[in-house]
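*Asks:* Please find one structure pasted underneath; my questions will follow.
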DNA sequence: GCCGTTTTCGGCCCGACTGTTTTCAGTCG
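Numbering (this note's numbering), first residue to last: 71 to 668.
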């Protein structure tokens, strides 16, 4: 059993206990579920090595939970969980994924209307049967319908991070088949879109039958949707559809171009070809009946008078014109990051210690990191107040003294309150090497108010970086309504950096916002938002991809710089901010006023 | 149910919002 499956059982138990009104236990199960999910190695391996005693080394797992884990790992079942499920056989995770629905709502919906699934809920809401339930009303019903619409609009799509592994594994499997000359991943996966609907693989092979067989009979395949010599299609157990195309070597480049897309990019390229009295399709670039390119992508671009365009840019957002002018950006490369500036530890809601994070970051090749635990406004994480930060400063100094080869900076992820004030006093902020500021509450303010609140926080002279600027969670929560042009303008004016939070379900900023920011000359930082040692690679793995989609170069990113140059940039920003006029007091903002600010 | 540099028993999870209510329950971060 994988960690994610074990965690899921514990999450269910937390929800069932919550329904019973049991105190404290739900939180305990929730915490343990999180620890299991984040645990570096499979908990199953831990058990194999050290038995039930070893299970108790997972934080939040004591005797009772270790026994349940042991039962799950040895029998694949948990009697308590099954008993709950027998009494209330509902899709807990699915229903609770809808915004505004928690354990108690699930219970009411089940007991009053027999709702078991998201589909049941949709039917009941559309029939107007929700509004008459106790503690529900017309507005709750509307909210559920809205939540359902959001879930269905995103369903069928997958996070890039969940797709890369299985797709690469399948590509590797095909590459090992005799007679296969080339394998490539195409489609939106190659363009590194943050979410993908399906994946495309391209193969050049002398023996299409053998490749097709290896593809359709791969271990993860749940269903074969189509099976032919040039095109096959399967669905994995995760629901992801993967298409395979077998193409001749002479057409490989043209096919790769065609199947990488985007559609808009392809249309623009074909129009360009027509202007030159050429024809571009998935088999090649043709003048009359004669192919003048097709074997390689670069050859196709060249014959169209273009430099080769990196896949991340192929969205028809000006990349073709830039390629014509020879003005494509020198995109940031993997391996460019020297620092990671958003890291949570076990001082708040992270899983690992400062020292463990420092050692892991050093091993990953970082030269510096900033510890940025939450502040007191985020009470649920045990957020730091001024005194706790003073103690942490001493702990960080101790780590700097013992761990050589990496510099650990004192920072914080400081909460922005409703008025745009920060929840630490100025003296404490001034002592920090790096002040990240972030919104964690009041997501549903009107656009003008939300924007004004964040802009006001950005004007604080001690603030260095705006963390996860839009607050979105991919496939789960929309970004809050904020005027990004106003945020970019404020960053430009204050010299503040905007973060690309590379946690794979955030990727916040998104591509277009990154592009606007760098066009305005706003510095970017790319962070992992690590809550555990295993997360430290996120910046490198997902952040760089996303940054490339945003036309970002290494020079735009502060944490590509060596530590001294990085710190110098922060100092320049702070001295600049210190002489700028006092921030206006918080006051109700009219829509027009916010627009002028932009 | 877990945990321990005040504790092996007694704390943990708190504040704000929303929608449903006329004083509160549920959800969220």
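Every residue, glycine too, gets a C-beta built ideally from N, C-alpha and C.
Just so we're clear, the structure is a prediction, and the values are computed from it rather than from any experiment.
Going along the chain, which residues of its own chain have a beta-carbon closer than 7 Å to the beta-carbon of residue 291, five neighbours each way excluded?
*Replies:* 304, 306
*Asks:* If you draw a straight line from the alpha carbon of residue 71 to that of residue 143, how long is it in whole angstroms?
*Replies:* 6 Å
*Asks:* With DSSP as the reference, identify every bridge partner of residue 311, one or two as the case may be.
*Replies:* 268, 305
*Asks:* Alpha carbon to alpha carbon, how far is residue 633 from residue 503?
*Replies:* 12 Å
*Asks:* What three-state label does DSSP hand residue 246 in the structure shown?
*Replies:* coil
*Asks:* For the region 475 to 525, which segments carrying the alpha helix (DSSP H) assignment without a break, of at least 4 residues, lie completely within its bounds, in sequence order?
*Replies:* 496 to 501
*Asks:* Which partner residues does residue 413 have in the DSSP bridge list?
*Replies:* 441, 600
*Asks:* Alpha carbons only, please: which of 381, 312, 322 is nearest the one belonging to residue 335?
*Replies:* 381
*Asks:* Using a Cβ distance threshold of 8 Å, determine whether the region 437 to 453 contacts the region 124 to 143, with at least three qualifying pairs required.
*Replies:* The region 437 to 453 vs the region 124 to 143: no contact.
*Asks:* Tell me, please, which residues DSSP counts as bridged to residue 644.
*Replies:* Note: residue 644 sits in no beta bridge, so no partner.
*Asks:* Please name the residue in 90, 168, 145 whose C-alpha comes closest to that of residue 157.
*Replies:* 90
*Asks:* What three-state label does DSSP hand residue 228 in the structure shown?
*Replies:* Looking at residue 228 - three-state DSSP - the assignment turns out to be strand.
*Asks:* Measure the C-alpha to C-alpha separation of residue 601 and residue 441 and round it to an integer number of angstroms.
*Replies:* 11 Å
*Asks:* Taking residue 371 as part of the alpha helix (DSSP H), name the residues at either end of that continuous run.
*Replies:* 367 to 373
*Asks:* In this structure, what does DSSP give as the bridge partners for residue 454?
*Replies:* 445
*Asks:* Given that a residue counts as buried once 16 or more other Cβ atoms are within 10 Å of its Cβ, and exposed if not, what is residue 173?
*Replies:* Buried, by the Cβ-count rule.
*Asks:* Could you tell me the distance, in whole angstroms, from the CA atom of residue 579 to the CA atom of residue 276?
*Replies:* 44 Å
*Asks:* Cβ atoms of residue 603 and residue 110: under 8 Å apart, would you say?
*Replies:* yes
*Asks:* Counting C-beta neighbours from all protein chains within 10 Å, is the total for residue 308 16 or more, i.e. buried, or is it exposed?
*Replies:* Around the beta-carbon of residue 308, fewer than 16 other beta-carbon atoms lie within 10 Å, marking it exposed.
*Asks:* So, with DSSP's three-state summary, where would you put residue 76?
*Replies:* In the structure shown, residue 76 sits in a helix (DSSP, three-state: H, G or I).
*Asks:* What's the call for residue 364, buried or exposed, on a 16-neighbour Cβ count within 10 Å?
*Replies:* Classification of residue 364: buried, given that the 10 Å Cβ count is 16 or more.
*Asks:* For residue 169, which of 459, 138, 189, 215 has the nearest alpha-carbon?
*Replies:* 215
*Asks:* Where do the ends of the beta strand (DSSP E) carrying residue 571 lie?
*Replies:* 567 to 571
*Asks:* What first and last residue would you give for the alpha helix (DSSP H) that runs through residue 348?
*Replies:* Counting along the chain, residue 348 falls outside any alpha helix (DSSP H), and DSSP gives it neither H nor E.
*Asks:* Once DSSP output is grouped into helix, strand and coil, what is the label at residue 652?
*Replies:* With a pLDDT of only 46 at residue 652, under 50, the local geometry of the prediction cannot be trusted, and no value is derived from it.
*Asks:* Can the beta-carbon of residue 346 be found less than 8 Å from the beta-carbon of residue 374?
*Replies:* Cβ distance < 8 Å, so residue 346 and residue 374 count as in contact.
*Asks:* Do you know how far the Cα of residue 167 is from the Cα of residue 655?
*Replies:* Interpretation of residue 655 is limited by its pLDDT of 45, a score under 50 that renders its predicted location unreliable; the figure taken from the coordinates is listed afterwards. Approximately 38 Å, taken between the alpha carbons.
*Asks:* For the alpha helix (DSSP H) holding residue 117, just list the boundary residues, first then last.
*Replies:* 113 to 125
*Asks:* Buried or exposed for residue 171, going by 16 or more other Cβ atoms inside 10 Å?
*Replies:* buried
*Asks:* Which residues mark the beginning and the end of the beta strand (DSSP E) in which residue 670 is found?
*Replies:* Residue 670 lies beyond the residue range present for the chain, which begins at 71 and ends at 668; the question has no answer from this structure.
*Asks:* Measure the alpha-carbon distance for residue 462 versus residue 147 and round it to whole angstroms.
*Replies:* Here the alpha carbon of residue 462 sits roughly 42 Å from the alpha carbon of residue 147.
*Asks:* What is the rounded straight-line gap between the Cα of residue 398 and the Cα of residue 385?
*Replies:* 14 Å
*Asks:* Excluding the 5 residues flanking residue 260 on each side, which residues of the same chain have their C-beta closer than 7 Å to its C-beta?
*Replies:* 330, 381
*Asks:* Decide if residue 191 is buried, meaning its Cβ has at least 16 other Cβ atoms within 10 Å, or exposed.
*Replies:* By the 10 Å Cβ count, residue 191 comes out buried.
*Asks:* With distances taken from CA atoms, which of 535, 196, 412 is nearest residue 607?
*Replies:* That would be 412, whose Cα lies nearest to the Cα of residue 607.
*Asks:* By the DSSP assignment, the alpha helix (DSSP H) with residue 324 in it spans what residues?
*Replies:* 322 to 330
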